[in-house]
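Below: the structure, in structure tokens.
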Amino acid sequence: MARLLYVEGSPRKSRSVSIFAAQAFLDAYRAANPSDVIDRLDIWEDLPQLDQNAFEAKYAGLAGVERTPAQQAAWDRLDQLAQRFRAADKILIGVPMWNFAIPYRLKQLIDLVSHKDLLFTFDERGLNGLLTNAKALVIYARGIGYGEDTGMPLEVWDQQKPYMDLWLRFVGVPNVQSMIVEKTLFEEDRDAVRQQAAALAQGF
Ligand SMILES: Cc1cc2nc3c(=O)[nH]c(=O)nc-3n(C[C@H](O)[C@H](O)[C@H](O)COP(=O)(O)O)c2cc1C
């Protein structure tokens with residue numbers, strides 16, 4: 516029995532292309548892996564803040580100083596979120612493109628969980644991600660199309676996929692697959708999206 520963490524990145528519910536693709540993936544995944552556990556994390560529901568107690572807790576930990584109860588409680592909330600990543604054998608993330616990058620709530624989640632001893636360690640040899648047993652699929656949705664032919668080359672305009680690839684590498688995920696749906700503002704071929712996502716679920 517494996518655990519799959521699904522991070523839902525869009526607030527647009529039934530209008531969202533990334534959620535539609537993720538649901539198609541999950542339907543096919545569940546059919547192929549009926550005993551696996553799927554943990555859905557909706558980042559538009561309550562996420563903690565990286566407030567002063569959380570920061571004090573982080574730096575107390577780095578300095579080896581005992582935390583106050585309030586600091587420990589703030590740290591425990593971050594650890595509980597990070598635990599959902601550490602417990603996952605597989606990670607599915609749906610990522611809308613917002614202003615050529617990722618939605619602020621997804622960045623909030625990343626800033627909440629990406630701390631030493633939560634998702635990585637570091638020592639004189641450098642950074643070591645802790646999610647070395649997980650694999651990931653990231654589904655990207657973009658309103659318009661990119662590439663040389665559109666006058667919007669990816670290396671200039673895409674701060675979405677390179678950032679997610681970088682973050683997953685940082686936290687140690689060795690195997691990352693991607694599905695990219697472009698031009699969602701103009702053409703919605705939901706059948707094609709469903710088929711592509713369902714195909715990715717086979718063997719994931
Ligand atoms: C705040 C906001 C910013 C957006 N910025 C971009 C953008 O920079 N580039 C782009 O191609 N589409 C942009 N879009 C369009 C979304 O990427 C598109 O609607 C996509 O389908 C969103 O994913 P979702 O359908 O899963 O919500 C933006 C949409 C919103 C709401």
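In this note's numbering, the protein residues as written are 516 to 719. Glycine residues also receive a C-beta, built at the ideal position from the N, C-alpha and C atoms. Please read all numbers here as calculations on a predicted model, not as lab measurements.
- Three or more beta-carbon pairs separated by less than 8 angstroms are not found between the stretch 549-563 and the stretch 628-641, which leaves the two stretches without contact.
- Nearest Cα to Ala-572 within the set Pro-549, Val-610 and Lys-631: Lys-631.
- The criterion of a C-beta distance shorter than 7 angstroms is not satisfied by Val-696 and Val-522.
- Checking the DSSP bridge columns, you'll see Asn-690 partnered with Lys-650.
- Each of Ser-525, Arg-527, Ser-531, Val-532, Ser-533, Pro-611, Met-612, Trp-613, Asn-614, Phe-615, Ala-656, Arg-657, Gly-658, Ile-659 and Thr-699 has a C-beta closer than 5 angstroms to some heavy atom of ligand 1; these make up the full list, in chain order.
- A straight line joining the alpha-carbon of Ala-517 with that of Gly-666 spans about 43 angstroms.
- Ala-536 sits close to Ala-712, with the two beta carbons spaced by under 7 angstroms.
- The straight-line gap separating the alpha-carbon atoms of Tyr-619 and Asn-548 is approximately 32 angstroms.
- The way I'd put it, the stretch 611-628 doesn't touch the stretch 573-583; fewer than three beta-carbon pairs between them come closer than 8 angstroms.
- By the neighbour-count criterion, in which 16 or more other beta carbons inside 10 Å mark a residue as buried, Gln-586 falls on the buried side.
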